[in-house]
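Okay, structure first, notes after.
Residue numbers (the UniProt record's numbering): 1 to 137.
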C-alpha cells in the first residue's frame with residue numbers, strides 16, 4: 001500500500017501512471033463515490049420522511065417539483081457512481097489513465113478534471129464529431 005504525502009499532486013515530470021499517481025486517482029475516485037453515496041442517503045432520508053402535507057395546491061406542486069428534480073439528480077449520481085466503479089476496476093486491471101481507443105495516455109489535466117475519462121481529448125473530439133455527423137442525418 002502506498003502512502004501519499006498530503007500535498008501530493010501528479011505532475012508531468014513523473015512517469016505517467018506510476019504507483020503514486022494511480023493511488024492519487026484511486027483515492028480521489030473513492031472519495032467522490034463516498035460523497036455521492038452520502039448525498040443519496042440524505043436524499044432517501046428526506047424523501048422517506050412522509051408524504052406531502054401542503055394544503056395549498058401551489059405549495060404542493062412546488063414540493064412535488066422539488067422531489068422530482070431531486071430524484072433526477074440522484075439518478076444522474078447513480079450513473080456517475082457506476083462510472084466511478086468502472087474506473088476503479090480499470091485501476092485494478094492496470095488500464096486506468098490510458099485511452100480505450102488508442103492506448104495513449106489520457107493526460108493528467110484531463111484526468112484531474114474528469115477522473116472517469118476513458119478517452120483522450122483527441123479521441124473524445126473524434127467521437128463527438130461522429131455523433132454530430134450521424135445525428136444530423
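Note that beta-carbon positions come from the ideal geometry of N, C-alpha and C, so glycine has one too.
Whole-number beta carbon distance between residue j and residue i, since they are thought to touch under 8 Å
i, j, result
"residue 44", "residue 88", "So it is not a contact: roughly 23 Å between Cβ atoms."
"residue 68", "residue 39", "Contact flag wrong, Cβ pair sits at about 17 Å."
"residue 121", "residue 132", "Not a contact, Cβ separation roughly 16 Å."
Collapsed DSSP secondary structure at residue i in the structure displayed
i, result
"residue 16", "coil"
Residue i - containing alpha helix (DSSP H), residue span
i, result
"residue 57", "57 to 93"
"residue 4", "Per DSSP, residue 4 belongs to no alpha helix (DSSP H) and is neither H nor E."
"residue 104", "First-last for residue 104: undefined, no H or E at that position."
Residue i, buried or exposed, once every other Cβ within 10 Å from all chains shown has been counted against 16
i, result
"residue 113", "exposed"
"residue 17", "buried"
"residue 34", "exposed"
"residue 6", "exposed"
"residue 93", "exposed"
"residue 117", "buried"
"residue 71", "exposed"
"residue 108", "buried"
"residue 222", "Residue 222 lies beyond the range of the chain shown here (1 to 137); nothing can be said about it."
Cutoff 8 Å; reference residue i; Cβ partners in own chain excluding five residues on either side
i, result
"residue 20", "2, 4, 8, 10 and 14"
"residue 119", "99, 100, 101, 106 and 127"
Beta-carbon proximity list for residue i, same chain, < 7 Å, skipping 5 on both sides
i, result
"residue 138", "The structure shown does not extend to residue 138, since the chain spans only 1 to 137, so no value can be given for it."
"residue 80", "36"
"residue 22", "91 and 96"
"residue 74", "40 and 43"
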